[in-house]
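Novice: Every number in this note's numbering is 61 more than the matching position in the sequence shown, counting from 1.
Ideal Cβ placement from N, Cα and C applies to all residues, glycine included.
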Amino acid sequence: MTVSPAPAGRVTHRVWSVVRLQLINTQSFVWVPLIILAGAALVAVLVFAMIPNDGTRMYGGAGNAPLWYFVALGVQAMTLSFPFSQAMSVTRREFFLGTLVVGAIGAAMMATIFLVLAGIEVLTNGYGVNGYVAHLEWIFDAGWASAWLTYFTATLLLYVVGFWCATVWKRFGTLPLVAVLVALGLALVLGIFVATRTESWPQVIGWFVDLGPFFLTLLGLALTALLALGSYATLRRATV
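1. Quick one: what's got a C-beta closer than 8 Å to L82's C-beta in the same chain, skipping five residues either side?
2. Out of curiosity, what's the CA-to-CA distance linking K231 and M170?
3. So, is F276 buried or exposed, given that buried needs 16 or more other C-beta atoms within 10 angstroms?
4. What three-state label does DSSP hand V187 in the structure shown?
5. If we count the other Cβ atoms within 10 Å of its Cβ and call it buried at 16 or more, is V250 buried or exposed?
6. Does DSSP put M149 in a helix, a strand or coil?
7. Is it the case that the Cβ atoms of A172 and F213 are separated by a distance below 7 Å?
8. What do you get for H196, buried or exposed, if any count of 16 or more other CB atoms within 10 angstroms of its CB means buried?
9. Using 8 Å as the threshold, is the region 88 to 96 in touch with the region 118 to 133, meaning 3 or more CB pairs across them?
10. Please report the distance separating the alpha-carbon of A102 from that of G273.
11. For the ligand GDP, I want to know if F233 counts as a neighbour, meaning its beta carbon is within less than 6 Å of at least one of the ligand's heavy atoms.
12. Which whole-angstrom value describes the C-beta separation of G164 and L217, a residue pair presumed to lie in contact below a C-beta threshold of 8 Å?
13. For the alpha helix (DSSP H) containing S142, list its first residue and its last residue.
14. Using beta-carbon positions only, say whether G121 and V194 come within less than 7 Å of one another.
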């Protein structure tokens, strides 16, 4: 028996149905990241204001806070929405595409907000205290468009990491997921150990600096694509 494929229009409609499903709770994808970023930036500026400064630019890692939240969003997008999507007669491919579109929308939103924040920092000389959260010179050396792509890629990568972890958990359970995460952690520690014992940190840091933010961003996009493909392959056999 031959099964005819669904029309492209119907597939697109179902993908956007998944997007709407994921965005039912706009607090998670819109307001919570904004609140985290605003709160972290405010704390950073207050800390900058307390530090005596002789004109040296100060940088804070407050901008990382909302990006890491996207790991949780990726997990939530899989664990909370996947069962509902299957009840809607949505295929796993359509669920995957719709969920990825939502992540891309959120990443584009965050990248745009970071650029607006960076513009404010430039205009106000670091909020008047020479402190910067979004306008990191090394990222902006390649231009504002490249900086937008960097923030977009970082956000989407962390979202896909969370989604991948959730698909592994759905497919294989808790123990295999923990084993994979521990193995990745050990590999990272081993790399740090080797670089430290061989005193290779200047070469490692120099390699990243020479590569530049734009090409590192392209590598991040490639890694995101690989994780997304791995997530889809795992999702195809995951239980509801």
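Specialist: Inspection of the coordinates gives the following:
1. S142, F145, S146, M149 and G159
2. 29 Å
3. exposed
4. Sequence inspection shows Gly at residue 187; the Val mentioned does not correspond to that position. Looking at G187 - three-state DSSP - the assignment turns out to be helix.
5. exposed
6. coil
7. yes
8. buried
9. yes
10. 26 Å
11. What this structure holds is no ligand at all, so the ligand GDP is not there to describe.
12. 6 Å
13. That residue, S142, is in no alpha helix (DSSP H); it is neither H nor E in DSSP.
14. yes
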